[in-house]
Each structure stands twice: as C-alpha cells, then as structure tokens.
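Each residue of the sequence shown is one higher than the one before, counting from 1 in UniProt numbering. Glycine is no exception: its CB is placed at the ideal position from the N, C-alpha and C atoms.
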Amino acid sequence: MNLIKSKIFVALGSEVNTGKFEQYSTNAKFEELSKPNGLIYYEVKDLEEASSICRKFIQTYSLGSGNWLGGRVINEKSDFLARISYNGRIWDNENWEIANELAI
Numbered sequence: 001m002n003l004i005k006s007k008i009f010v011a012l013g014s015e016v017n018t019g020k021f022e023q024y025s026t027n028a029k030f031e032e033l034s035k036p037n038g039l040i041y042y043e044v045k046d047l048e049e050a051s052s053i054c055r056k057f058i059q060t061y062s063l064g065s066g067n068w069l070g071g072r073v074i075n076e077k078s079d080f081l082a083r084i085s086y087n088g089r090i091w092d093n094e095n096w097e098i099a100n101e102l103a104i
C-alpha cells in the first residue's frame, strides 16, 4: 500500500506583450515590462489551492488573458493532471474543445 501522496505543481507564468509597444504610453511600457516573463512551477496541496494561486498571480501582476501562460497542473513525474483557466476554472484536459470542468 502506497501511503505517500504524490506532489502536485501548478505552472505560473506570463508572456510580455511587446507586439503592441508602439501603441503604449511610456508608463504602460514599463508596466508591461515589469510583468514576469516565462514559467515557474509552484508546489500546491490540491487543485483548489492551484486555482487560488493562479488567480492571485493573475491579479498581482494585472495580467490579461493574452499574457497568462500558466495553469498547467502536473505531478512530480510531469504527468498532466488538470488545467486552470484564466478565470480560475479547473479542466480535465488541455484541449478546450473536449475538456470537462472539474468540480472541487
């Protein structure tokens, strides 16, 4: 009997949108460049915490859905477990066309 619970991790990340820089004011450019660029995986205890942390990350950095890259939930073997969408909902598949929302 395996009593050790597998660790789970959620991806947190964003992409700096430099494509629209010409349209931004100087302040907006600095704000955009202050956002994290890339991904990190953060250990969480469950999917509810993963969703909460994703929402806090999005709010803290004022990310739009176009900036948000995170939300992939994996186990310690990097196996896919779930996807957290921009609005904090939890899905059982990475393909939005066939994904079902998971109730927690």
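Just reading off the beta strand (DSSP E) that R83 is part of, what are its end residues? First-last of the beta strand (DSSP E) with R83: F80 to I84.
Run the CB neighbour count on W96, radius 10 Å, all protein chains shown included, and call it buried at 16 or more, exposed below. Classification of W96: exposed, given that the 10 Å Cβ count is below 16.
Could you pull out every unbroken alpha helix (DSSP H) segment of at least 4 residues lying fully inside the segment 47-72, listed in chain order? Every alpha helix (DSSP H) of 4 residues or more that sits fully in the segment 47-72 is shown, in chain order, as 47-60.
Count the C-beta pairs between the segment 63-78 and the segment 13-32 that are closer than 8 angstroms, then say yes if the count reaches three, no if not. Result yes; three or more Cβ-Cβ pairs closer than 8 angstroms.
Check whether the Cβ atoms of W91 and E101 lie closer than 7 angstroms to each other. In terms of Cβ geometry, W91 and E101 form a close pair [threshold 7 angstroms].
Minimum C-alpha distance to W62 - residue among E32, N93 and S6: Checking the sequence, you will find Ser at residue 62 rather than Trp. Distance check between S62 and each of E32, N93 and S6 places E32 closest, using alpha-carbon atoms only.
Assuming K5 and E43 are in contact, meaning their beta carbons sit under 8 angstroms apart, how far apart are those beta carbons, in whole angstroms? Cβ atoms of K5 and E43 stay farther apart than 8 angstroms, at about 12 angstroms.
Neighbour-count burial assignment, I98, 16 or more Cβ in a 10 Å radius: Flag for I98 reads exposed.
Would you mind sorting I104 into buried or exposed? The rule is 16 or more other CB atoms within 10 Å of its CB. Exposed, by the Cβ-count rule.
Have a look at S51 and T60 and give me their C-alpha separation to the nearest angstrom. In a straight line, the C-alpha of S51 is about 14 angstroms away from that of T60.
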